[in-house]
Amino acid sequence: MIGVTGTNGKTTVTHMIEKVLSDAKVTVGLIGSLGYRCHDHERNTNEYMKTDCTTPYAWLLQTILNEMKNKYHIENVVMEVSSYGLAVERVYGCEFSVAILTNFTQDHLSFHKTMDNYLQVKLLLFSKYLSRSLSPKAIINHDDPSYEQFINACPSNAQVYTYGLTNKNQNSFVAYNIKTSINGTNYTILLPSGETQCVHLTIHGEFNVYNSLACIATCLTTYSHLLTLDQIIQSLESFHCAKARFEFLIRHRPFSVVVDYAHTPDALEKVIKCGRQILLESDENGRLIIVFGCNGRGDRLKRPLMGRIADEYADIIIVTSGNPRQEHPHRIIDEILSEIQQKPDQNRLYVELDRKKAICLAMDLAKGKNDLIIIAGKGHETTQALADHVIQFDEKEIVQDKYKQMMQNDVLSM
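Counting the sequence shown from 1 gives a position; this note's numbering is that position plus 4.
See below:
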């Protein structure tokens, strides 16, 4: 079993590993935010069986694992391991042979209360669940400020490999010469052996360079008897983003629309910076428009931080609702606005409580221009939780319907 933990990037890393293994005809099961699915010698499906949470309840997880092993004869499982799942022992009874850290940044403080509590829970994947393996491996992002604590949490017999954009030690997988464009991302990887190789990704952003490094390090150190570096890179070259992870819904027609699950300050900053880099590389003087909100009954401390990030990096900001639940939407938005210097009457900041209207507003503002719209916060979700009910809410459908309407009304300057 391969367990992936971290504040952001878990879904993409697990999907990358799943693709590399399935391309090599290795049986693999996937469990995470989008659900679970299997790839065996006869079954290769893109469809997910839904679960209610990133890391399923212990009884359900064991049921899924039993089905994967005994019904589909799956020999490898890669899964997202959330901090909440670790805290309430949803992975009780599991033995992980590989543990991966993507990054550690602020989130879930409404549950963990402090960053230290949050960190101590994350460390459990390495200190508790990895120690049950006879030959444990740890794959750790060495550019993360907390990486030494994760290394120290590993069992003494663990093989520890790190990855990042700097060469920290002899077991490092390092990326350099990174170039991003509308067509994807290119970089050169340096292996612990000293070998170098060019990598091309059709997906975007420095954060996906990190995600791909985690995948390469895992697959090359764990499956070296089955996979070569060339095979791994070839699989990654044809990897398309996990659902709603910097996913282009519209590309240069004439504006572009991206949807992303970014719901933390760190994730929001990374996707906006990625969008900014794409605009710079395209040299078309487009504007970056961000549509986002924050959830109710969640970490209130991150709301002003996300507002400040949007204010610093975006050209146009549209603040809207996420999943307000039982919290008043206006209070959530006011807390986001508290760190935004612009005012709603200055043609740079808009407040629209209705998320569907906010998305449509962004597309109206962008029509006829080479702008890039990023819709952040809900990603793959297909519902919106309001005060006393849940409604169907699929951002992909909303964007497609609005674009079709704009085409019919001939308001696009192609």
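Where is the CB? At the ideal position from N, CA and C, for every residue including glycine.
Please report the distance separating the alpha-carbon of residue 318 from that of residue 377.
10 Å
Just tell me which of 274, 277, 188, 248 has its CA closest to the CA of residue 240.
188
If you draw a straight line from the C-alpha of residue 161 to the C-alpha of residue 197, how long is it?
21 Å
Residue 38 and residue 18 - do their beta-carbons sit closer together than 7 Å?
no
Less than 7 Å between the beta carbons of residue 21 and residue 82, yes or no?
yes
Element boundaries [beta strand (DSSP E), containing residue 208]:
Note, residue 208: premise wrong, no beta strand (DSSP E); not H, not E.
Is residue 284 a contact residue of the ligand FMN, with contact defined as CB to any heavy atom under 6 Å?
What this structure holds is no ligand at all, so the ligand FMN is not there to describe.
Tell me the start and end of each unbroken alpha helix (DSSP H) in the region 322 to 405 that is at least 4 residues and wholly inside, in chain order.
333 to 341, 359 to 370
Cut-off 7 Å between Cβ atoms - residues of its own chain near residue 172, not counting five sequence neighbours on either side:
146, 166
Buried versus exposed call for residue 334 [16 or more other C-beta atoms within 10 Å across all chains shown]:
exposed
What do you get for residue 111, buried or exposed, if any count of 16 or more other CB atoms within 10 angstroms of its CB means buried?
buried
Excluding the five sequence neighbours on either side, which residues of its own chain have a C-beta within less than 6 Å of the C-beta of residue 185, listed in chain order?
285
Check each candidate in 28, 26, 72, 36 and name the one with the smallest Cα separation from residue 15.
36
Could you pull out every residue in the same chain whose Cβ sits closer than 8 Å to the Cβ of residue 107, ignoring the five residues on either side in sequence?
10, 11, 12, 13, 145, 148, 214, 270
The alpha helix (DSSP H) with residue 154 in it runs from where to where?
151 to 157
Taking C-alpha atoms, which residue in 73, 80, 268 lies nearest to residue 7?
80
Would you please state the rounded distance, in angstroms, between the beta carbons of residue 91 and residue 131? I believe it to be under 8 Å.
No, residue 91 and residue 131 are not in contact; Cβ-Cβ is about 14 Å, not under 8 Å.
Does DSSP put residue 296 in a helix, in a strand, or in coil?
strand
Suppose you measure from the CA of residue 267 to the CA of residue 328; what does that come to, to the nearest Å?
13 Å
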